[in-house]
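K.L.:
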Amino acid sequence: MRLVFIGPPGIGKGTYAKAISQKFGIPHISTGDIFREEIAKGTELGRKVREYVEKGLLVPDEIVIEVVRQRLSQPDCAKGFILDGFPRTLRQAEVLDSELGGIDLAILFYAPLEVIIERVSGRRICPKCGAIYHIKFMPPKNDEICDRCGTKLIQREDDKPEVVRRRYEVYLQTFEPVIRYYREKGKLVEIFAGRRAEEVIADVERVLREKGLVKE
Ligand SMILES: [Zn+2]
320 MRLVFIGPPG IGKGTYAKAI SQKFGIPHIS TGDIFREEIA KGTELGRKVR
370 EYVEKGLLVP DEIVIEVVRQ RLSQPDCAKG FILDGFPRTL RQAEVLDSEL
420 GGIDLAILFY APLEVIIERV SGRRICPKCG AIYHIKFMPP KNDEICDRCG
470 TKLIQREDDK PEVVRRRYEV YLQTFEPVIR YYREKGKLVE IFAGRRAEEV
520 IADVERVLRE KGLVKE
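Our numbering numbers the first residue of the sequence shown as 320 and each following residue consecutively.
Rendered as structure tokens:
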């Protein structure tokens, strides 16, 4: 079961990927996570990637493709995988097909921007103990104060509405060619993600069964 997950920041893609990964025993491969780990560890790859990330530039195709090539050759990918954050250019999608064995299905998660903004911009975190709240869906007992440790909650920079809006626009521009590529190949399935995570995950499982990727 070789899958690609596509969706804007804040859509909950990581949550869905984790659930499907656990359920079917295939690794969730996020190129963003790999790059963050390599940067944190100070490896040669990390140093290379960091130059681009710090300048706000896309990491060049050749670097990203090499990272994915190595990751997909690991034994845990034998049964399949979920790619997240890759491919993000047409060239990456083409190389994935021509040199890396291709995929069975690309799943596009979508929801109106306003829904994503409501979800993400209500998020508050405790800077001390890391507890996560939502002012509407999971509020703390006392306004903006952590239940566990009494610290004043904060909003992460990435969760601010104007940042969410900008990242959504960048996402649309970036992924449009990749989405079109999979749609034209008949490999794209679109799943509405403006609802509870359990419902979205159940829908993904239904699609995987319908496509014959899961035997039950
Ligand atoms: Zn706390």
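From the three backbone atoms N, C-alpha and C, an ideal C-beta is built for every residue, glycine too.
1) What separation, rounded to the nearest whole angstrom, lies between the Cα atoms of residue 498 and residue 334?
2) Any beta-carbon of chain D closer than 9 Å to the one on residue 388?
3) Taking DSSP as the reference, what is the three-state secondary structure of residue 456?
4) Quick check on this structure: which residue in 508, 513 and 503 has the alpha carbon closest to the alpha carbon of residue 528?
5) Pick from 483, 476 and 446: whose alpha carbon is nearest that of residue 469?
6) Take residue 383 and list the residues in its own chain whose beta-carbon comes closer than 7 Å to its own, dropping the five residues that flank it on each side.
7) Ends of the alpha helix (DSSP H) at residue 516?
8) So residue 390 and residue 353 are supposed to be a Cβ contact under 8 Å. How far apart are they, rounded?
9) Looking at the strands, I want to know which residues DSSP matches up with residue 539.
10) Indicate whether residue 401 and residue 325 have their beta-carbon atoms separated by less than 9 Å.
P.N.:
In short:
1) Roughly 21 Å between the two C-alpha positions.
2) Of the protein chains in this structure there is only one, and it is not chain D.
3) The three-state reading of DSSP puts residue 456 in coil, since its state is none of H, G, I, E or B.
4) It is 508 whose Cα lies nearest to the Cα of residue 528.
5) Proximity to residue 469 across 483, 476 and 446 peaks at 446, based on C-alpha coordinates.
6) Excluding residues up to 5 positions away in sequence, 350, 405 and 411 lie with their Cβ nearer than 7 Å to the Cβ of residue 383 in the same chain.
7) Counting along the chain, the alpha helix (DSSP H) containing residue 516 begins and ends at 516-529.
8) So it is a contact: roughly 7 Å between Cβ atoms.
9) This structure does not reach residue 539, given that the chain is present from 320 up to 535, and the question cannot be answered.
10) Remark: C-beta atoms of residue 401 and residue 325 do not approach each other more closely than 9 Å.
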